[in-house]
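Protein chains in written order, with UniProt numbering: chain A, 1 to 364; chain B, 1 to 364; chain C, 1 to 364; chain D, 1 to 364.
We treat Cβ as the ideally placed atom computed from N, Cα and C, and that holds for glycine.
In this text, all values refer to a predicted model and were calculated from it rather than measured experimentally.
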């Protein structure tokens with residue numbers, strides 16, 4: 001008699017195949033779930049393999065479009081970067097995959113879920129927190145003797161990006177149009193081609209970024225479980241979008257709103273990294289960031305070349321940039337006296353501080 | 001009879017020469033002060049010019065070494081970047097120049113200071129706030145009809161950096177040693193040469209970074225006086241140091257200390273940009289950031305190539321990176337059960353939230 | 001011929017009467033605008049006085065209801081307190097008054113506004129920033145020789161609150177119902193009476209709070225213009241609401257949402273104090289705080305007595321408080337092993353830190 | 001043969017007596033450690049009881065003085081309050097007790113520690129995190145069947161404070177002198193008596209505060225382990241000090257330093273509550289807060305009455321309060337024109353925002 005039904009996040013690789021077998025041995029019925037989030041995989045072969053290993057059912061699901069729109073786009077809006085450097089690629093995929101897995105578990109009336117992300121990694125946390133958040137009664141089953149890490153997401157090194165030393169010696173110039181803080185069109189200026197569905201657009205940026213070796217990093221990062229670890233990542237499309245979004249955002253967003261939004265973005269990045277995509281605070285922060293993007297609209301022109309993204313210019317109907325106001329040659333409304341007053345009032349506090357210290361000489 | 005004595009921050013250029021003449025016309029005695037912070041300038045010619053225009057005295061001061069150590073180094077420790085992109089080059093020079101100018105004013109018993117940074121810019125604020133903070137009784141004199149901007153610091157476009165398209169097709173590989181969060185030695189791996197005084201080291205990084213076109217940006221930024229303006233900047237040495245310091249810092253600093261320090265660094269950047277280097281809060285923040293750097297020590301190896309800096313590796317006697325602890329193949333002290341417990345306790349709150357919403361299905 | 005039309009925020013007192021006369025002398029036509037935000041004033045007498053002094057028109061407007069709903073309620077949602085102590089009474093009134101004044105100016109085609117809040121105070125900033133934000137073309141006219149402060153809002157000392165030493169020796173017990181973070185009903189438990197319109201409810205809390213001497217403070221505060229100043233304030237109703245709202249909020253809001261919301265509340269308080277109610281960042285922050293209040297719903301019972309507010313209990317249909325979960329005697333779902341794992345994983349980082357320092361003994 | 005040596009945090013009560021017996025049954029040798037942090041306890045009786053139950057040794061340690069100076073004083077400097085209301089009484093005691101316990105364990109070569117704070121509480125986390133941080137090799141032993149909570153610290157309800165309804169109808173007026181942000185003397189104005197050692201001073205404030213019913217709260221709080229729980233606390237002396245310290249701090253500290261320090265204080269409170277007193281980030285934050293207190297010096301006069309603390313006045317040699325500067329009647333250095341300029345420059349951004357929205361009318 002079956003111990004119950006488990007939905008396993010199956011990758012087609014060795015690790016999760018072992019888990020499938022182990023679950024069967026323990027007496028569980030197993031549903032294999034294989035998510036397509038854009039990885040290079042022979043899904044048919046994986047399906048057959050899972051069936052052969054004894055999976056009761058196999059679900060293969062194309063999550064690419066919802067991954068881009070519901071998960072990557074909010075990260076773009078937030079300029080999400082963990083610890084100043086990591087663009088969070090696989091961290092963002094986790095809740096997307098686990099959400100669908102939990103949906104399958106509910107629909108198939110499975111009480112258990114399983115995955116291959118054990119060991120000491122972040123992915124276990126991200127996976128399990130999402131499952132508990134969305135299906136509080138679910139239980140996680142994993143082989144306690146198993147200490148392998150998730151092969152699917154971890155063991156490629158620079159699959160998408162060329163080595164910048166070998167990349168083309170001619171830049172590609174792109175224009176990216178944004179509305180409400182997300183890209184809505186990418187145009188290759190010279191070729192005149194453009195992409196405007198989220199999935200196509202993002203894949204195209206991965207392609208162009210990858211061709212020029214953009215977005216490679218070799219870092220040490222701080223895992224949620226308290227260890228430092230080394231990570232080698234590539235996020236070509238994400239890096240292009242980060243540069244472009246930062247530019248159009250600063251162009252169209254009020255300075256003080258930006259400061260508040262910046263700290264919310266840092267919080268958001270940390271929440272994603274630690275696996276809290278589905279948490280009340282992350283929902284709250286996403287809402288606030290989305291609100292901040294209402295006027296983030298316009299076009300950025302940029303050049304991609306030898307591992308780097310260069311902003312060439314920007315335009316927007318919502319720009320707060322006022323050429324006349326800022327010009328040194330046009331006086332307009334701006335009275336230099338006001339600037340003196342502004343500075344003097346800002347100095348009141350500094351002068352008092354100096355007076356109190358009675359020690360100007362010493363300080364100099 | 002003289003109206004009093006003015007110390008003028010003199011650049012040798014047209015703008016400040018006009019101010020010198022205007023101050024003389026108004027009846028002031030003028031001391032010309034010309035700071036060497038590393039700009040490309042014929043200081044002898046400038047001295048003669050100032051004397052010819054009627055300056056009572058001319059001070060030419062080499063501030064390069066104190067500029068690097070007392071101003072740039074704290075910015076390196078802070079990873080100081082304004083609005084996620086601007087490395088604050090000239091903003092940091094301002095308080096260094098104005099500090100010396102105020103010292104001269106006190107020493108020469110001048111009640112007035114003057115400068116060429118009028119108009120609508122940030123530099124006026126930075127200059128005057130520093131003067132008021134360090135010499136509360138001082139008064140600023142400037143030509144009210146004058147609306148030119150400071151030529152010295154603004155009108156070069158990419159003087160230090162090569163266009164990455166024309167930069168060498170071979171990278172340079174450097175090793176940078178840090179102690180207490182500041183660089184203490186740079187070594188060119190292939191050539192075996194090294195620099196270890198702050199000024200030499202920083203100039204060398206400017207040279208190597210410049211040769212490879214590192215650190216160019218074209219941005220829109222938010223000025224303190226409330227306008228957006230476009231800025232084109234190059235900070236080759238600063239960019240190399242930012243990458244290297246970020247790396248060694250993450251390697252050696254506790255995760256939670258880093259988070260707090262990161263927000264202090266953002267605050268510090270904003271204070272520098274807005275001209276508050278000499279303020280109680282900036283002194284406080286500098287102190288705290290400096291404290292955080294106690295263990296930021298070690299060596300970073302990096303490659304500089306085609307406008308980009310690539311981290312190749314790092315080592316440190318103070319590293320918190322524990323290869324054995326983090327390894328997926330060594331169990332050691334680490335009990336997978338603990339991770340499950342950790343995740344379950346972190347999920348308590350998320351499950352309660354879900355329970356309350358009573359709406360798991362809908363959320364899915 | 002008239003120099004133009006000025007809308008003057010008129011208080012009926014000496015200061016603004018002087019300004020009215022001065023504006024007439026200067027050749028302006030003057031519209032007197034007198035806002036009723038709940039102060040103790042004979043509005044008919046004030047109208048007659050303004051007419052006698054030569055006001056072309058007099059507007060007397062009852063803003064009490066919009067003041068409570070549009071200005072005080074958001075401050076309650078935010079737990080708005082400036083510098084940990086000041087509940088921002090008059091700071092919140094300013095934008096409410098100035099908004100209506102600007103509406104009148106637009107409607108009457110006046111290019112000028114004027115007010116009595118000159119001197120060194122915050123109220124001038126609050127007034128003028130609101131005017132410029134809502135009517136960018138408007139100009140402010142004020143008597144440069146005039147250095148009086150605003151009598152209306154400043155020179156009462158404890159008009160609403162009794163001295164706690166003389167207050168009743170019996171507490172009043174109230175129940176306050178909240179929905180979406182704002183009070184919707186106050187019930188006097190013993191008397192069985194209740195109030196449920198915003199204005200009545202707030203006036204009643206002022207009355208009960210005042211009767212028991214609640215909400216008096218004597219503080220030194222930091223003005224926006226950089227000075228410290230002493231302030232003596234009373235906010236009886238606001239203080240009762242602050243206690244009650246804090247309680248129901250903590251009862252119903254997720255811990256991590258609360259942390260983020262707390263920092264937004266501190267920002268909001270500072271923005272209100274400094275006069276930035278009508279600014280992009282304040283609109284953004286208000287929106288985010290309002291979003292956080294969706295589930296802040298329920299009833300708080302409290303006692304008001306001798307200057308103090310004591311929370312007696314709370315209940316809510318949206319509570320995240322789970323008696324069974326938290327009980328020490330019910331094991332339920334909660335596995336003590338999970339807590340040990342949680343603690344051990346949290347300690348990984350601390351142990352590494354200790355290991356690195358190699359100096360446990362010394363630290364002890 | 002013994003399984004090893006355990007140092008048990010012993011309270012003299014039923015719970016820890018049961019644990020002592022259980023540890024003996026399991027085959028451990030037990031050292032009982034009883035900390036005196038000011039609780040009402042018959043230490044001799046407790047010692048005898050522990051010996052009778054089979055403790056190999058009994059350590060009774062008076063930690064009161066170090067508790068006040070090393071733990072409570074930093075909390076006073078920080079204005080440490082968890083979730084806006086809880087003054088962290090027992091949370092602060094935990095690391096003080098566990099530190100000494102770990103010292104005894106090292107000194108006696110014990111590999112194990114034990115405590116009575118199991119169940120679902122915060123105290124288990126605080127205790128164990130401190131032990132692991134200071135003695136990474138230590139192991140915790142606790143009875144897995146035991147679910148009682150720590151009686152020592154939890155089950156008194158209002159032992160120190162009188163019911164305000166029954167408290168004296170005459171206030172006590174005190175003067176508290178601060179240096180570097182900590183109290184150095186308390187004087188009873190009428191009686192002319194004063195206390196100036198930390199322990200005496202703090203006990204005296206507990207006595208006076210308790211006599212007047214100060215510092216009682218009934219709250220719901222968010223535990224680190226993710227549950228909401230109800231807490232009833234009394235911190236009479238701490239509440240008096242919080243009011244006094246807030247006052248002298250605002251009087252002597254620069255506004256902008258205060259803002260940064262405020263957010264550090266909130267972080268510090270959270271760290272204490274969650275048990276991270278001995279962590280790199282808490283050490284860092286304590287250092288920064290301590291630095292901020294350099295000029296927090298002076299005397300606060302206050303009245304304690306019927307559950308409330310009223311500030312009556314303050315004075316300080318380090319005050320940034322400048323009566324002449326702030327006076328409405330003295331013009332001095334302060335030019336009203338500067339204020340207008342200050343406001344206009346602050347409005348640049350607001351006007352641009354309005355212009356962009358092109359919707360002023362609608363907004364009104």
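- Non-local beta-carbon contacts of residue 27(B) in its own chain, meaning distances under 6 Å to residues more than five positions away in sequence, involve 3 in chain order.
- The C-beta of residue 142(A) comes no closer than 9 Å to any C-beta of chain C.
- According to DSSP, residue pairing for residue 185(C) in a beta bridge involves 177(C).
- With a 10 Å radius around the Cβ and a threshold of 16 neighbouring Cβ atoms, residue 191(D) comes out exposed.
- For residue 59(D), the uninterrupted beta strand (DSSP E) segment begins and ends at 57-62.
- Residue 105(C) and residue 137(C) have their C-alpha atoms spaced approximately 11 Å apart.
- Short of 6 Å from the beta carbon of residue 247(B), and not among the five residues preceding or following it, lie these beta carbons of its own chain, in chain order: 300, 311, 314.
- Among the residues of chain D, none has a CB under 9 Å from the CB of residue 94(C); the nearest is roughly 13 Å distant.
- The beta carbon of residue 50(C) sits closer than 6 Å to those of 10, 32, 58, all from its chain and outside the five residues before and after it, given in chain order.
- Nearest CB-CB separation between residue 227(A) and chain C: below the 9 Å threshold.
- The C-beta of residue 250(C) comes closer than 9 Å to at least one C-beta of chain D.
- Taking a beta-carbon distance threshold of 9 Å, residue 284(D) counts as an interface residue toward chain B.
- Closer than 7 Å at the C-beta level to chain A, one finds these residues of the segment 108-131 of chain B: 118, 119, 120, 124, 125, 128, 129.
- Going by C-alpha positions, residue 96(C) is about 25 Å away from residue 337(D).
- The contact set of residue 281(D) on chain B, defined by CB atoms closer than 7 Å, consists of 254, 256, 257, 260 in chain order.
- A direct Cα-Cα distance of roughly 20 Å separates residue 252(C) from residue 286(A).
- Put simply, the segment 168-177 of chain D touches the segment 300-309 of chain D. At least three CB pairs are less than 8 Å apart.
- Approximately 6 Å separates the beta-carbon atoms of residue 225(C) and residue 348(A); this is inside 8 Å, confirming the contact.
- Flagged as an interface residue toward chain B: residue 334(C), by a C-beta distance shorter than 9 Å.
- The beta carbons of residue 118(A) and residue 143(A) sit closer together than 9 Å.
- In the DSSP assignment, residue 114(A) is bridged to 8(A).
- Secondary-structure assignment with DSSP links residue 47(C) through no beta bridge to anything.
- At least one beta carbon of chain C lies nearer than 9 Å to the beta carbon of residue 345(B).
- By the beta-carbon neighbour count (other beta carbons within 10 angstroms, threshold 16), residue 255(A) is buried.
- In this structure residue 275(C) is in contact with residue 94(C), their Cβ atoms being roughly 7 Å apart against a cut-off of 8 Å.
- Rounded to the nearest angstrom, the Cβ distance from residue 217(C) to residue 86(C) is 7 Å, consistent with a contact under 8 Å.
- Counting along the chain, the unbroken beta strand (DSSP E) around residue 218(A) starts and ends at 216-222.
- Restricting attention to alpha helix (DSSP H) runs no shorter than 4 residues, the segment 289-349 of chain A encloses them at 323-326, ordered along the chain.
- Short of 6 Å from the beta carbon of residue 74(D), and not among the five residues preceding or following it, lie these beta carbons of its own chain, in chain order: 286.
- For residue 79(C), the CB contacts under 7 Å within the same chain, skipping 5 residues up- and downstream, are 242, 245, 246, 265 in chain order.
- Annotation for residue 232(A): no alpha helix (DSSP H) segment contains it, though the beta strand (DSSP E) segment containing it runs 228-234.
- The beta carbon of residue 194(B) sits closer than 8 Å to the beta carbons of 185, 186, 187, 188 from its chain, once the five residues preceding and following it are set aside; these are given in chain order.
- Residue contact with chain D for residue 352(B): present (Cβ-Cβ distance below 9 Å to some residue of chain D).
- For the options 159(D), 350(D), 70(D), the alpha carbon positioned closest to that of residue 40(D) is the one of 159(D).
- Here residue 296(C) is near residue 318(C), since their CB atoms are less than 9 Å apart.
- By the 16-neighbour rule on beta-carbons within 10 angstroms, residue 229(C) is buried.
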